[in-house]
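Enquirer: Under mature numbering (1 follows the signal peptide of the UniProt record, and there is no 0), the letters of the sequence shown match residues -35 to -1, 1 to 439, in that order.
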Amino acid sequence: MNIESFEKGIRLPFRRTMIASLLGAGLLTAAAAQAQERAGNPFVGASSYLNPDYTKDVNFSISKVSDPALKQKMKIVAGYPTFVWLDSINAIYGGARNAGLLGLTAHLNNALAQQKPNMPITVGLVIYDIPGRDCHALASNGELPLTQAGLTRYKQQYIDVIAGILADPKYKNIRIVNVIEPDSLPNLVTNLSTPHCAQAQSTGIYEEGIKYAVDKLHAIPNTYNYLDIAHSGWLGWNNNMTAAISLYTQVFQSTAAGLASVDGFVTNTANVTPLAEPNLPNPDLTVGGQPIKSSRFYQWNPNFDESHYAEALYNGFVAAGWRNSIGFIIDTSRNGWGGHNRPTSASGNDIDTYVNSGRIDRRDHRGNWCNQRATGIGMPPTAAPGGHLHAYAFVKQPGVSDGSSKFIKNKQGKGFDRMCDPAYTTPDGVLSGALPNAPISGAWFHDQFVMLVNNAYPAIGSAASISESEQAQK
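1) Please check the pair Pro147 and Asp193, which I expect to be a contact at CB under 8 Å, by giving their CB distance rounded to whole angstroms.
2) Taking the DSSP output, what are the residues bridged to Gly229?
3) What does the Cβ neighbour count give for Asp249, buried or exposed, with the cut at 16 atoms within 10 Å?
4) Going straight from the alpha carbon of Gln218 to that of Leu212, what length do you get?
5) Should Ala356 go down as buried or exposed, given a rule of 16 or more other Cβ atoms within 10 Å for buried?
6) Under 7 Å, do Asn244 and Ala311 count as touching if we go by C-beta distance?
7) Measure how close the beta-carbons of Leu51 and Leu90 come, nearest whole angstrom, since I'm counting them as under 8 Å.
8) Using DSSP with H/G/I as helix, E/B as strand and the rest coil, what is residue 496?
9) Buried or exposed: Glu2, going by 16 or more other Cβ atoms within 10 Å of its Cβ?
10) From this set, His183, Leu157, Asp386, which residue's C-alpha is nearest Asn205's C-alpha?
11) In chain order, what residues of the same chain lie with their CB nearer than 7 Å to the CB of Lys38, ignoring the 5 residues before and after it?
12) Rounded to whole angstroms, what is the Cα-Cα separation between Tyr279 and Asp296?
13) Rounded to the nearest angstrom, what separates Val144 and Leu150 at their Cα positions?
14) Which residue comes first and which comes last in the alpha helix (DSSP H) that contains Arg118?
15) Can you name the start and end residues of the alpha helix (DSSP H) that Tyr274 belongs to?
16) Provide the residue(s) that pair with Lys51 in DSSP beta bridges, ordered along the chain.
17) Which value, in whole angstroms, describes the spacing of the CA atoms of Ala388 and Ala399?
18) For the alpha helix (DSSP H) that contains Gly129, what are its first and last residues?
19) Please report the straight-line C-alpha distance between Glu276 and Val216, rounded to a whole angstrom.
20) Please list the segments of the alpha helix (DSSP H) lying wholly inside the stretch 305 to 345, counting only runs of 4 or more residues, in order along the chain.
21) Can you tell me whether Leu77 sits near the ligand HEM, meaning its C-beta is under 6 Å from at least one heavy atom of the ligand?
22) Going along the chain, which residues of its own chain have a beta-carbon closer than 7 Å to the beta-carbon of Val395, five neighbours each way excluded?
23) Tell me the DSSP secondary structure of residue 450 in three-state form.
24) Decide if Trp265 is buried, meaning its Cβ has at least 16 other Cβ atoms within 10 Å, or exposed.
25) For the structure I just gave you, are there three or more beta carbon pairs, one from the stretch 311 to 322 and one from the stretch 279 to 294, closer than 8 Å?
26) Does the distance from the CB of Ala285 to the CB of Thr214 come in under 7 Å?
27) Assess, as a yes-or-no matter, whether the stretch 18 to 30 is touched by the stretch 83 to 101 under the definition of 3 or more beta carbon pairs within less than 8 Å.
28) Suppose you measure from the CA of Val49 to the CA of Ala358; what does that come to, to the nearest Å?
29) Quick one: residues in its chain with C-beta nearer than 8 Å to the C-beta of Ser80, no 5 flanking neighbours on either side, listed in chain order?
30) Going straight from the alpha carbon of residue 447 to that of His305, what length do you get?
31) In whole angstroms, what is the alpha-carbon distance linking Tyr136 and Ala209?
32) Going by DSSP, what residue range makes up the alpha helix (DSSP H) through Ala163?
33) Report the three-state DSSP secondary structure of Lys176 (helix, strand or coil).
34) Helix, strand or coil, according to DSSP, for Thr391 in the structure here?
35) From the DSSP output, in three-state form, read off Leu101 for me.
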């Protein structure tokens, strides 16, 4: 893939791709099997669903700012497709039981209303309610306990309901893109020293739940399954990547359709790792006699960005027996890192000075993840941007909080993670980098949204940020 195209704004035709829907109850019907011919890449040749809930949040922020230029940029963002997160059983149904948000059926019906004649529409959704969710974090822990009873509820009250709604033949011409359980399997690769993650592995609940979800959803002809596979700052080291490929291969070989049950992978879900590090294109470059990948920031991780990471994963998975047709989605909702302080070159006589002067990722540590300061919206949703990439997507809705800055009592059972506290010094000896005054995870965070819009790269409204489909509407 040509990562330089990101910096130059060169890419394949831009389709309004993504966002989503919530799903529900039942078994696959015979009529559903008459769905449209399956696409190799579900984003190509399709429009994408615009989520009214997200538009409402953006409009709230528009009403709170006075700068006309900022308002206009926000209006553009309101027209970008984003994925819908099914982060609870109640999220399937929507309404008062889910903070007034739309339910799955309402989203799918809206998608049908938005669909253009003779053109499929893509709806993206995030399947995110595994028992014992987020075993290594606290801000987005879920509703289902890490028990067999929790697993039974996950299967019967969550996955079966979603699959039943998606299998309705009414929706057969919607291309449903599922992102499967962010952070779950990656935690089984690196975080088994955390007791909750060790329990997730020893009980087999994560693996069994995810396989069940993949089997149920793959049986619906117009659905496409993409597995979350963390980001380059998590699994980018060779040993972590090798272990991840081995685990994923072992798990999904035992699904009903084997490795064919998976259409691809998603990197950088809800994270901020850059698409490219244009000033640091070669991790083996030596400065002061040392390769820059050995700097304090990269710690011998050769994958500085998501483009290189996705390419390395593709090669590794294909070598392990996966299909050549697997593709990657990169979440670009918050990895733009623009603004006035974006570096344009790297310089220095030692590796740390050189790396720190040139990296566009301005975090103090690559493990910092919660509501990060200085971040910006990245490349808009784009179909087939090059290489083995199926899409750039806004899997995370830009402006939605990762977690509260302090404990906030809530009915959703959301916890408090110190990584979301701006004053917290992490085990790596740096501040968390989190923004202050953040609401609970999943809630709208106006101040963060303003920052993301202002720091977008490419700048919102520039030629590089306007989609082919948006231009066609003008």
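Here a beta-carbon is modelled for each residue, glycine too, at the ideal position from N, C-alpha and C.
Expert: This is what the structure holds:
1) Numbered from 1 along the sequence shown, position 182 holds the residue referred to as residue 147. Numbered from 1 along the sequence shown, position 228 holds the residue referred to as residue 193. In this structure Pro147 is in contact with Asp193, their Cβ atoms being roughly 4 Å apart against a cut-off of 8 Å.
2) Along the sequence shown, read from residue 1 onward, the residue named residue 229 stands at position 264. Tyr191, Gly292, per the DSSP bridge assignment.
3) Start at 1 with the first residue of the sequence shown, and residue 249 comes out as number 284. Here Asp249 is exposed: its Cβ has fewer than 16 other Cβ atoms, across all protein chains shown, within 10 Å.
4) Within the sequence shown, residue 218 is the residue found at index 253, counting from 1. Within the sequence shown, residue 212 is the residue found at index 247, counting from 1. Rounded to the nearest angstrom, the gap between the Cα atoms of Gln218 and Leu212 is 10 Å.
5) The sequence position of residue 356 within the sequence shown is 391, counting from 1. When all chains shown are included, Ala356 counts as buried.
6) On the sequence shown, position 279 is the one that residue 244 refers to. On the sequence shown, position 346 is the one that residue 311 refers to. Cβ distance < 7 Å, so Asn244 and Ala311 count as in contact.
7) As a first step, residue 51 is located in the sequence shown; it is residue number 86 there, counting from the start. As a first step, residue 90 is located in the sequence shown; it is residue number 125 there, counting from the start. That belief holds up - the Cβ atoms of Leu51 and Leu90 are roughly 6 Å apart, short of 8 Å.
8) The displayed coordinates of the chain run from -35 to 439. Any statement about residue 496 would go beyond what the structure contains.
9) Within the sequence shown, the letter at position 37 stands for residue 2. Looking at its Cβ environment, which holds fewer than 16 other Cβ atoms inside 10 Å, Glu2 is exposed.
10) Position 240 of the sequence shown, counted from the first residue, corresponds to residue 205. Selection His183, Leu157, Asp386 evaluated against Asn205 yields Leu157 as nearest (Cα-Cα).
11) Residue mapping note: residue 38 aligns to position 73 of the sequence shown, counting from 1. Only Val418, Ile425, Gly426 meet the Cβ criterion.
12) By 1-based counting over the sequence shown, the position of residue 279 is 314. By 1-based counting over the sequence shown, the position of residue 296 is 331. Rounded to the nearest angstrom, the gap between the Cα atoms of Tyr279 and Asp296 is 16 Å.
13) Counting from 1 along the sequence shown, the entry for residue 144 is found at position 179. Counting from 1 along the sequence shown, the entry for residue 150 is found at position 185. Spanning the two alpha carbons is a distance of roughly 13 Å.
14) Here residue 118 refers to the residue found at position 153 of the sequence shown. Looking at the DSSP string, the run of the alpha helix (DSSP H) that includes Arg118 is 113 to 118.
15) One-based indexing of the sequence shown puts residue 274 at position 309. The continuous alpha helix (DSSP H) containing Tyr274 extends over residues 271 to 284.
16) Position 86 of the sequence shown, counted from the start, is the residue given in the question as residue 51. Before going further, note that residue 51 is Leu rather than Lys in the sequence given. Under DSSP, the beta-bridge partners assigned to Leu51 are Ile92.
17) Here residue 388 refers to the residue found at position 423 of the sequence shown. Here residue 399 refers to the residue found at position 434 of the sequence shown. Taking the straight line joining both Cα atoms gives about 8 Å.
18) Numbered from 1 along the sequence shown, position 164 holds the residue referred to as residue 129. Going by DSSP, Gly129 is part of the alpha helix (DSSP H) stretching over 125 to 131.
19) Here residue 276 is taken as the residue at index 311 of the sequence shown, counted from 1. Here residue 216 is taken as the residue at index 251 of the sequence shown, counted from 1. Their backbone Cα atoms lie some 22 Å apart in a straight line.
20) DSSP runs (the alpha helix (DSSP H)) wholly in the stretch 305 to 345: 316 to 323.
21) The ligand HEM is not among the ligands present in this structure, which contains no ligands whatsoever.
22) Within the sequence shown, numbered from 1, the residue matching residue 395 stands at position 430. Excluding residues within five positions, the ones whose Cβ falls inside 7 Å are Asp329, His330.
23) For residue 450 there is no data in the structure shown, the boundaries of the chain being -35 and 439.
24) What you label residue 265 is simply residue 300 of the sequence shown in a count that begins at 1. Exposed.
25) At 8 Å Cβ cutoff, the stretches do not touch.
26) As a first step, residue 285 must be located in the sequence shown, where it is residue number 320. As a first step, residue 214 must be located in the sequence shown, where it is residue number 249. The answer is yes: Cβ separation under 7 Å.
27) Because the criterion of three Cβ pairs below 8 Å is not met, the stretch 83 to 101 and the stretch 18 to 30 do not touch.
28) In the sequence shown, residue 49 corresponds to position 84, counting from 1. In the sequence shown, residue 358 corresponds to position 393, counting from 1. Between Val49 and Ala358, the C-alpha separation is close to 12 Å.
29) Looking up residue 80 in the sequence shown gives position 115. Note on identity: in this sequence residue 80 is Gln, with Ser being the wrong assignment. For Gln80, where only same-chain residues beyond five positions count, the Cβ hits under 8 Å are Ser12, Ile86, Asn138, Ile139.
30) Absent from the structure is residue 447, since the part of the chain shown begins at -35 and ends at 439.
31) Locating residue 136 in the sequence shown gives position 171, where the first residue counts as 1. Locating residue 209 in the sequence shown gives position 244, where the first residue counts as 1. In a straight line, the C-alpha of Tyr136 is about 34 Å away from that of Ala209.
32) In the sequence shown, the residue the question calls residue 163 occupies position 198. Per DSSP, Ala163 belongs to the alpha helix (DSSP H) from 160 to 168.
33) Locating residue 176 in the sequence shown gives position 211, counting from the first residue. Helix at Lys176.
34) Along the sequence shown, read from residue 1 onward, the residue named residue 391 stands at position 426. Coil, per DSSP.
35) On the sequence shown, residue 101 is found 136 positions in, with the first residue counted as 1. Per the sequence shown, the amino acid found at residue 101 is His instead of Leu. The three-state secondary structure of His101, taken from DSSP, is coil.
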